[in-house]
Amino acid sequence: DLFASVEPILPVLREDDVAVWVLGSGPYPPGAVALQELLDEASEELEPEDVWQPQDMNDTCLYIFTSGTTGLPKAARVSHLKSIMCLSFYELVGASGRDVVYLALPLYHMAGSLLGIAGCIGIGERGRAPPGEPRDVLRRGRTAHPPCPFPDPPFFAGATCVLKEKFSASQFWEDCRAEGVTGGESEARRSLRGTHPPNPIPFSVSRQRPGEREHGLRLAVGSGLRPDVWRRFLQRFGAVRV
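The letter at position 104 of the sequence shown is residue 104 when you use full-length UniProt numbering, and the numbering goes up by one with no holes.
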C-alpha cells in the first residue's frame, strides 16, 4: 500500500544499492523485488539444517522498524540471540500457559512481534516428550492432546495471544471479558489512564466506564508507570500486577 510513496525515489535507492522488497502481486518497476512471487515459488519442504542454522548467534536474524528515537526512522538489526531471548519474556514476568495475552502494538515493532508474539510462544514448560506421549496445547482455556510422533522432541506449551488491530480504551475491558484476557502490555495502561496522545486528561478525571473492575486481568508488562500514577490506576481498575 505504501509503494507509491517509495516509487519516485527508486532510482536514488538503486544508486545507493538499497533493495526494495514489496509484498504484493505487482507488477513493479526495476529496482523493486516482488516478494509474493518468490513466496509462491518457494518450496514448502524445510531446507537442510546447515542452510538455516546460524553460524553465529550474534548474526542478524531480522530487521525491525524504529520510529527514530535516536535519529531518523530506520531498520534496526535484531540478532538471533536477542530473538531467542524474547521467547522467555512473558515467562520471566510470571505468565503461564493458561494466560491470555492482549496485544494491540504494531507487529512491525519489536515489542509487538518478538516480545508479544514470540513471548507467547515461549511460555510454558520446555523439555522433551517421549514418543507418542501427549503434549498440552493451550488455546483459550481448552486443552488438546496431539500425539508426539518424533522421538525426544523439544516443545513449548505456549499461550493464547489476542491481537487487536488498533487499541481502543472504550473497548478494552469489554475485549478482556469477551476473550478471557489475563495479561497485557503497557501501552494499554498508558491509554487507559488517559495520558496517551491525543488525550492529555489524567485517567482520574476522565470518564469512567461500567465494568472497569469486572475483569480477569492480573498481569501488565512494559515500561512501567510512576508510583503515584500506578496507585491511582490500581484504585480505579483493581489489583493488577506490573
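Built from N, CA and C at the ideal position, the CB exists for glycine as well.
Keep in mind the model is a prediction, meaning the values are calculated, not measured.
Asked                                                                                                       : Found
Cβ-based neighbour list, L10, same chain, cut-off 7 Å, excluding 5 preceding and 5 following                : V20, P29, G31 and A32
R232 to L23 span [Cα, whole Å]                                                                              : 45 Å
Segment contact, 8 Å Cβ cut-off, at least three pairs: the segment 82-95 with the segment 111-126           : yes
C-alpha distance - R218 paired with P27, whole-angstrom precision                                           : 49 Å
R226 versus G94 - alpha carbon distance                                                                     : 21 Å
Beta carbon of A157 nearer than 8 Å to that of G119                                                         : no
Distance between A239 and P73 (C-alpha atoms, nearest Å)                                                    : 37 Å
Rounded straight-line distance, which links the Cα of I123 to that of C61                                   : 21 Å
Rounded straight-line distance, which links the Cα of V100 to that of G180                                  : 7 Å
Same chain, Cβ closer than 7 Å to E185, neighbours up to 5 away in sequence not counted                     : L103, L105, A111, G116, V221 and G222
Enclosing alpha helix (DSSP H) for R232 [first to last residue]                                             : P227 to F237
Cβ neighbours of residue 264 in the same chain (closer than 7 Å, five flanking residues each side left out) : This structure cannot settle anything about residue 264, because the visible part of the chain is limited to 1 through 242.
Any chain B beta carbon closer than 8 Å to G184                                                             : No chain B is present in this structure, which holds just one protein chain.
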